[in-house]
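**Q** Add 707 to the 1-based position in the sequence shown for our numbering, that's all there is to it.
Note that the Cβ used here is the ideal one computed from N, Cα and C, for glycine as well.
Values in this document were obtained by computation on a predicted structure and should not be read as measured data.
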Amino acid sequence: MPDFFIYADIIGIIAFSISGFLIAIKNDLDILGILIASALTALGGGVIRDAILSSAPFAFTSLYPALTLIATILIAYIFKLYKKPSIERKLIFVVSDTIGLVAFSITGAILAIHADYNFFGIIILSFITAVGGGVTRDIMINQVPTVLVSDFYGSIAVIVALLLALLEMFNGLNEISIAVVAILSVILRLIAFKREWHLPKLS
708 MPDFFIYADI IGIIAFSISG FLIAIKNDLD ILGILIASAL TALGGGVIRD
758 AILSSAPFAF TSLYPALTLI ATILIAYIFK LYKKPSIERK LIFVVSDTIG
808 LVAFSITGAI LAIHADYNFF GIIILSFITA VGGGVTRDIM INQVPTVLVS
858 DFYGSIAVIV ALLLALLEMF NGLNEISIAV VAILSVILRL IAFKREWHLP
908 KLS
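#1: Taking C-alpha atoms, which residue in Val802, Ala731, Leu870, Gly815 lies nearest to Ile831?
#2: Pro907: buried (16+ other C-beta within 10 angstroms of its C-beta) or exposed?
#3: By the DSSP assignment, the alpha helix (DSSP H) with Pro772 in it spans what residues?
#4: Determine the DSSP secondary structure at Gly841, reduced to helix, strand or coil.
#5: So, Gly840 versus Val854, is the Cβ gap smaller than 8 Å?
#6: Compute the distance between the beta-carbons of Arg756 and Ile820, then report whether it is under 8 Å.
#7: Run through the region 709-774 for me and flag every whole alpha helix (DSSP H) of 4 or more residues, listed as ranges in chain order.
#8: Mind checking which residues open and close the alpha helix (DSSP H) that includes Lys651?
#9: Cα separation between Thr748 and Leu895?
#10: Can you tell which of Met876, Ile777, Asn849 has the C-alpha that lies nearest to the C-alpha of Phe826?
#11: Whole-angstrom Cβ separation of Leu760 and Ala822, contact assumed at under 8 Å?
#12: How about Leu729 and Phe800: are their beta carbons less than 8 Å apart?
#13: Just the Cα atoms here: how many angstroms apart are Met847 and Gly751?
#14: Can you give me the Cβ contacts of Ser833 inside the same chain, cut-off strictly under 7 Å, excluding the 5 residues immediately before and after it?
#15: Quick one: is Leu774 buried, meaning 16 or more other Cβ sit within 10 Å of its Cβ, or exposed?
#16: Counting only beta-carbon separations shorter than 8 Å, does Leu736 have a partner in chain D?
#17: Who are the Cβ neighbours of Ala722 in its own chain at under 6 Å, not counting the five residues just before and after it?
#18: According to DSSP, is Val851 helix, strand or coil?
#19: Which residue's Cα is closest to the Cα of Leu770: Ala837, Ile720, Leu873?
#20: Can you tell which of Glu903, Arg902, Ala886 has its C-alpha closest to the C-alpha of Ile718?
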């Protein structure tokens, strides 16, 4: 399903480009900083994923990742998406970040399945693809990575990977089932955000 993979990849790049752009603006980065933060968020997880798969990173061999990234940043600037206080709690940030998270979880899981990874490998590669870019960005701007503190964030990537691995195990993996998993995962993340669900913490 190469076409489906590319569509999911583009959706993830667009969504994470927006969230990276907004985080960069919030931290008062200059133009180069904005570009780097957006690129790390949108492409970093995919580069790490491809390195694990021992293949040339798609961001360096295909033209659409860079073009999608730049076009998204320009559109975000033109529509002044950054003129929002406390942007992490705004709907546009949460929705874009959630879509990116789910889309990249799916691409990571699909590539792991095609590479004949075991159940654990599918989950790990999906997780790294989904959160790797955001973690790299957060380290660069010296803040605790979102995946470690955010409400029910990294759990979504694990859930997506588990569902896709199970679908593959029972020969139910196809474009329709993947789309259903994507929609349900986005809804779950938004409900978790709205109701402020968190994983248990040790006191």
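**A** With the structure as the only source:
#1: Gly815
#2: exposed
#3: 771-785
#4: helix
#5: It is not a contact, given that the beta carbons lie outside the stated cut-off.
#6: no
#7: 709-733, 738-759, 765-768
#8: Here the chain has residues from 708 to 910 only, and residue 651 is not among them.
#9: Separation of Thr748 and Leu895 (C-alpha to C-alpha, rounded to the nearest whole angstrom) is 22 Å.
#10: Met876
#11: 6 Å
#12: yes
#13: Between Met847 and Gly751, the C-alpha separation is close to 12 Å.
#14: Ser812, Gly815, Ala816, Ala819, Ala864, Val867, Ala868
#15: Around the beta carbon of Leu774, a 10 Å sphere encloses fewer than 16 other beta carbons of the protein chains shown; the residue is thus reported as exposed.
#16: The structure shown has no chain D; it contains just one protein chain.
#17: Here the set comprises Ser803, Ile806, Gly807.
#18: coil
#19: Ile720
#20: Ala886
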